[in-house]
Structure formats: structure tokens, C-alpha cells
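Report on the structure given below.
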Amino acid sequence: MLYEGFVGRSSEPVRNVVERDAVRLFAEAIADPSPLYRDGEAARRSRYGRLLTPPTFPRTFDYGRIEGLELPSAGLIHGEFRIGYERPLLVGDEVFCRLALKGSYDKEGSRGLLGFLIFERTGEDPEGNLVFTTNDTVIVTGAVRAGIEA
Amino acid sequence: MSAIPDWRIGDELEERTPPPIGREQLRKYAEASGDPNPIHLSDEAAAAAGLPGVIAHGMLTAATMGLLFSPYLGHGYVKAFRGRFSGMVFLGDRLNVGGRVTGVEETGEGRLYAFEVYARRGEDTVASGSVGFLVFEGRGSG
């Protein structure tokens, strides 16, 4: 299995702050017109009290690096994405973000042996309460795999 | 702002059809998300990767499925999202996104609705998944 020795390892947490401008740019890029992502007045009147972030916004955070783990820069396929929130993530929130390799397994596909890597990213508030967890499944195809194992 | 949602199992969300995927949107998404992968930006890089053309970020398709819930954010939020990417999305592609209620559950935080969601290009499903949308207890957006 690929990167087997890295399974269970994680990065050092990195502090991120949810910035208003970053949320506005992200909302524009995904063409989401919701005023709760960009209109401070609408957000203050809402039950959140502050601007909200789009569901996939935690993608933008810095999660640090797992020491020694170097993935190929090209040829990886993003198979699946999952995110779960403990509470809404708002502009101004401070989150400590960490990346971990949770699993690695192989599967025989119609075009050869595929490697599957499961990465978990988490964000915690300054008190250590979990805010969100994401899981990404990254698929390593045969051609790319040969480069890693060489 | 919309009324407090009161969905029933089987209800369908109104299908949305955002504008076709363009270079400007991919450039903006690459910048906003911090994803520097050139296969989303450069014809040469896409060709070098064996692709017939520049492809959209999978996470942009995921975010597009999230648009289904924007009208209801005054009353609740996307608590859980899961998307599987099953097809590539190219420049000029026009996606339809839609979803259907598959479950409802009372929780301590409010009423949690489960949805199946999809992104399609014509008859082809390019992504599918599920969403948990939590409608807060009480008086809506007040």
C-alpha cells in the first residue's frame, strides 16, 4: 500500500482566521449570491450575528504538512469529499487546522491497480472544541503509482 | 429570505442551472481556494496530463451542489456534505444541480433533513452525494 508508513501521522496544527474578504472571493468564485456570505448588515440581523461561510470553504485553510510525505504534483484524482460541522463556521472565527493520513488501500480496477488515500482535515476552536472534519479520498492511478514506487 | 422550510420525504429542491463553466470562473476559483493545479487553468498542462481539455475543479462542482441550499441559510445551515466525483467537467459545460429529501430527524440542535444531491451535464451524472441540512429550532432567522 502507498505511503503505508505515514498512515496515522498528522501535521502540526496551523492557526487560521476566517477573513471576510476570503469568504467574499470564495462566494463569488462559486457564484453563490447568498447575502449571508457578503452583506455584513444582513449577517448581523441573522441568527448567526456574523457572516457565514459556504459549506466547502474550509478547503481554503492551511493545514500544514505531514512531515516527509510528498505527494506527486500531478495525476491524482479526487474521488470523494466529505465534511461535517459541529456548528456553523463564521467570519472572524479562529480555527486550528490539522491534516492526517487516515488510511491507504489498494483496489484492482479495470485499468490496473489503484491506490486510495484517505486524508482527514480537522478544525478546532482555540478552546480545543472540534468545529469541522473533512475527509478526502484521493485516487492514485497506475501510471502515477509507478512513479511513486520507482 | 424564504419561509422556514417544511420539507417532506420525497420533496425535490428546485433544480438550478448556473452559467456554463468559463475560464474566468476557474481562475477565480483557483485563486479563492488556493488550488494551483494548472490542469484547471492551462490548455498545455491539461494536454500534458492526457486530458482532452482544461477541467473544472471537483470542489467547484461540489460547491455548485451547495447552491441548492443558499435560499434557506437564514433558517439553517449545511451541517454535513458528501460528494462523489464520477465524471470530468470541461470548459463550456453547463451543469444542472438538484436534490431530493430522503429523511428527517429531530435533534437537540433542530430538525435535520437528509438530501440526495446531484450534478448532471445533460444525462451524465458528474457528481452525486448527500447533504444534511439543519433547520434551527424556534423562530427562523428572527
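Line by line, the protein sequences give chains A and B. If you're matching positions, the first sequence starts at 1 in the working numbering and goes up one per residue. If you're matching positions, the second sequence starts at 1001 in the working numbering and goes up one per residue. Note that beta-carbon positions come from the ideal geometry of N, C-alpha and C, so glycine has one too.
DSSP state of residue i, grouped into three classes?
i, result
"B/Tyr1118", "strand"
"B/Tyr1077", "strand"
"A/Gly147", "helix"
"A/Leu117", "strand"
"A/Leu154", "This structure gives no information on residue 154 of chain A, because the portion of chain A shown stretches from 1 to 150."
"B/Ser1141", "Model confidence at B/Ser1141 stands at a pLDDT of 45, short of 50, so the residue's coordinates are unreliable and nothing is read from them."
"B/Glu1123", "coil"
"A/Leu36", "helix"
"A/Gly5", "helix"
"B/Thr1102", "strand"
"B/Ile1009", "coil"
"A/Thr122", "strand"
"A/Thr60", "helix"
"B/Ser1128", "strand"
"A/Ser73", "coil"
"A/Ser10", "strand"
Which residues mark the beginning and the end of the alpha helix (DSSP H) in which residue i is found?
i, result
"A/Ala29", "20–29"
"B/Thr1064", "1058–1066"
"B/Glu1031", "1023–1033"
"A/Glu41", "40–45"
"B/Ala1048", "1043–1048"
Taking the continuous beta strand (DSSP E) assigned at residue i, which residues delimit it?
i, result
"A/Ala100", "94–109"
"A/Gly49", "A/Gly49 -> no beta strand (DSSP E), and no H or E assigned at all."
"A/Asn135", "130–140"
"A/Phe81", "76–85"
Kindly give me the distance between the Cβ atoms of residue i and residue j, rounded to whole angstroms, as I take these residues to be in contact under 8 Å.
i, j, result
"B/Ala1032", "A/Phe26", "4 Å"
"A/Pro72", "A/Ile148", "6 Å"
"A/Glu28", "B/Lys1028", "6 Å"
"B/Thr1125", "B/Ala1114", "Contact doesn't hold; Cβ gap of about 19 Å is too wide."
"B/Ala1046", "B/Ile1055", "7 Å"
"A/Val14", "A/Asp62", "5 Å"
"A/Leu89", "A/Thr53", "5 Å"
"A/Arg82", "A/Leu99", "The pair is not a contact, with the Cβ atoms about 15 Å apart (cut-off 8 Å)."
Taking beta-carbon pairs under 7 Å, can you tell me which members of the segment 72–90 of chain A lie near chain B? Ala74, Gly75, His78, Gly79, Glu80, Phe81, Arg82, Ile83, Gly84, Tyr85, Pro88
Are at least three pairs of beta-carbons, each pair with one atom in the segment 100–111 of chain A and one in the segment 71–80 of chain A, less than 8 Å apart? no
Which residues, in chain order, does the segment 12–42 of chain A contribute to contact with chain B at a C-beta distance below 8 Å? Ala22, Leu25, Phe26, Glu28, Ala29, Ile30, Ala31, Asp32, Pro33, Ser34, Leu36
Touch test, the segment 115–130 of chain A against the segment 42–51 of chain A, Cβ-Cβ under 8 Å, three pairs minimum: no
Cβ-based contacts, 8 Å cut-off: residues of the segment 1072–1097 of chain B near chain A: Leu1073, Gly1074, Tyr1077, Val1078, Lys1079, Ala1080, Phe1081, Arg1082, Gly1083, Arg1084, Phe1085
Please list the residues of the segment 45–67 of chain A that have a C-beta atom closer than 7 Å to any C-beta atom in chain B, keeping them in chain order. Ser46, Arg47, Leu52, Pro54, Pro55, Thr56, Arg59, Thr60
Determine contact between the segment 1038–1045 of chain B and the segment 1131–1140 of chain B, defined as no fewer than three beta-carbon pairs at a distance below 8 Å. no
Is there contact here, the segment 1092–1100 of chain B with the segment 92–99 of chain A, by at least three beta-carbon pairs under 8 Å? no
Short of 9 Å Cβ to Cβ, which residues in the segment 1002–1025 of chain B face chain A? Pro1018, Pro1019, Gln1025
Counting only Cβ-Cβ distances shorter than 7 Å, please list the residues of the segment 1096–1130 of chain B near chain A, keeping chain order. none
Residues of the segment 1048–1062 of chain B with Cβ closer than 7 Å to any Cβ of chain A, in chain order: Ala1049, Gly1058, Met1059, Leu1060, Ala1062
Could you say if the segment 1084–1095 of chain B and the segment 1007–1020 of chain B meet the contact criterion of at least three C-beta pairs nearer than 8 Å? yes
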